[in-house]
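A.B. asks:
See the structure below:
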């Protein structure tokens with residue numbers, strides 16, 4: 002069964018600190034992996050999309066890494082800000098079989114940044 | 095929210111009543127999706143549409159129906175609402191062919207539905 006597992010479930014850090022969120026997936030065959038940010042009461046917004054050939058991709062203070070061999074991805078947030086408080090969701094499209102094209106979502110990591 | 099609106103944004107209804115949620119887009123994207131989001135679960139696909147009058151089921155479609163009579167509108171109907179359908183519902187759109195595999199999905203602001 003295609004699955005996306007994220008850790009930790011929740012994380013509290015102080016403003017200005019760095020943090021790393023983890024994502025493990027079992028979706029196969031693999032096409033790409035996405036990280037979304039979801040603010041409270043809003044819909045998810047894409048942060049980055051990584052294909053199997055990309056190891057690292059940055060979007061401002063957000064840096065995503067991908068290891069397609071171990072099926073792991075991480076999202077690193079540098080110099081956190083209060084506005085980074087949100088749920089971060091790892092998403093992998095199904096690239097084959099009866100679920101072709103459908104998205105498998107992780108449960109998300111809830112990040113809280115305290116002043 | 096990428097030109098996507100959902101209505102209503104909040105709704106409280108009683109068990110057994112019909113409910114219709116509306117998703118409206120101004121992006122002229124071909125693909126539209128309905129998801130539900132519940133604590134302890136990732137977003138789950140209910141139904142999706144790949145064109146006007148072309149729809150298909152997702153992984154949690156029981157108890158839901160959809161219709162798409164125009165490119166810009168995608169309706170989700172709960173024929174007889176149950177408490178298990180209390181959830182936050184998100185609409186999404188995608189431009190790419192082959193659904194979401196290559197293309198980005200853009201999400202609406204969500205509708206919070208409570209069934210009492």
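Chains as they are written, first to last, in my numbering: chain A, 2 to 116; chain B, 95 to 210. The beta-carbon is built from N, C-alpha and C at its ideal position, and this holds for glycine as well.
Taking DSSP as the reference, what is the three-state secondary structure of residue 7 (chain A)?
C.D. replies: Strand, per DSSP.
A.B. asks: Please check if any C-beta of chain A sits within less than 8 Å of the C-beta of residue 201 (chain B).
C.D. replies: Yes - at least one Cβ of chain A is within 8 Å of the one on residue 201 (chain B).
A.B. asks: From residue 50 (chain A) to residue 181 (chain B), what distance separates their C-alpha atoms?
C.D. replies: If you take the alpha carbons of residue 50 (chain A) and residue 181 (chain B), they lie about 27 Å apart.
A.B. asks: Does the Cβ of residue 131 (chain B) have 16 or more other Cβ atoms within 10 Å, making it buried, or fewer, making it exposed?
C.D. replies: By the neighbour-count rule (16 or more Cβ atoms within 10 Å), residue 131 (chain B) is buried.
A.B. asks: Expressed to the nearest angstrom, what Euclidean distance is found between the alpha-carbon atoms of residue 35 (chain A) and residue 48 (chain A)?
C.D. replies: Straight-line Cα distance between these residues: approximately 7 Å.
A.B. asks: Could you tell me which of B:97, B:114 and B:100 sits nearest to residue 175 (chain B), measuring between CA atoms?
C.D. replies: Per the Cα distances, B:114.
A.B. asks: Using the beta-carbon count (16 or more within 10 Å), is residue 45 (chain A) buried or exposed?
C.D. replies: Flag for residue 45 (chain A) reads buried.
A.B. asks: Where does residue 108 (chain A) fall in DSSP's three states?
C.D. replies: Residue 108 (chain A) falls in the coil class under three-state DSSP.
A.B. asks: Identify whether residue 244 (chain B) lies in helix, strand or coil by the three-state DSSP scheme.
C.D. replies: The displayed coordinates of chain B run from 95 to 210. Any statement about residue 244 (chain B) would go beyond what the structure contains.
A.B. asks: Flag this pair as yes or no: are the beta carbons of residue 124 (chain B) and residue 147 (chain B) separated by less than 8 Å?
C.D. replies: Going by C-beta atoms, residue 124 (chain B) is not nearer than 8 Å to residue 147 (chain B).
A.B. asks: List the endpoints of the continuous beta strand (DSSP E) containing residue 94 (chain A).
C.D. replies: Run containing residue 94 (chain A): 87-94, per the beta strand (DSSP E) assignment.
A.B. asks: Mind checking whether residue 160 (chain B) and residue 170 (chain B) have CB atoms under 8 Å apart?
C.D. replies: Contact flag set, yes.
A.B. asks: In the DSSP assignment, find the beta strand (DSSP E) that holds residue 99 (chain B) and state where it starts and stops.
C.D. replies: Here the beta strand (DSSP E) through residue 99 (chain B) covers 98-101.
A.B. asks: Distance, Cα to Cα, residue 200 (chain B) vs residue 186 (chain B)?
C.D. replies: Near 5 Å, if we compare the C-alpha coordinates of residue 186 (chain B) and residue 200 (chain B).
A.B. asks: Taking a Cβ distance cut-off of 8 Å, strictly less, list which residues of the stretch 140-162 of chain B are near chain A, in chain order.
C.D. replies: Listed by position along the chain: 152 and 153.
A.B. asks: Would residue 116 (chain A) pass as an interface residue toward chain B - the criterion being a Cβ-Cβ separation below 8 Å?
C.D. replies: Chain B, which has no Cβ nearer than 8 Å to the Cβ of residue 116 (chain A), makes this no.
A.B. asks: List, in chain order, every chain B residue whose beta-carbon is nearer than 7 Å to that of residue 93 (chain A).
C.D. replies: Going along chain B, no residue has its Cβ under 7 Å from residue 93 (chain A), so there is no contact; the nearest lies around 10 Å.
A.B. asks: Please report how far the alpha carbon of residue 79 (chain A) lies from the alpha carbon of residue 61 (chain A), in whole angstroms.
C.D. replies: Computed Cα separation, rounded: 9 Å.
A.B. asks: So residue 9 (chain A) and residue 113 (chain A) are supposed to be a Cβ contact under 8 Å. How far apart are they, rounded?
C.D. replies: Incorrect: roughly 12 Å between the Cβ atoms, too far for contact.
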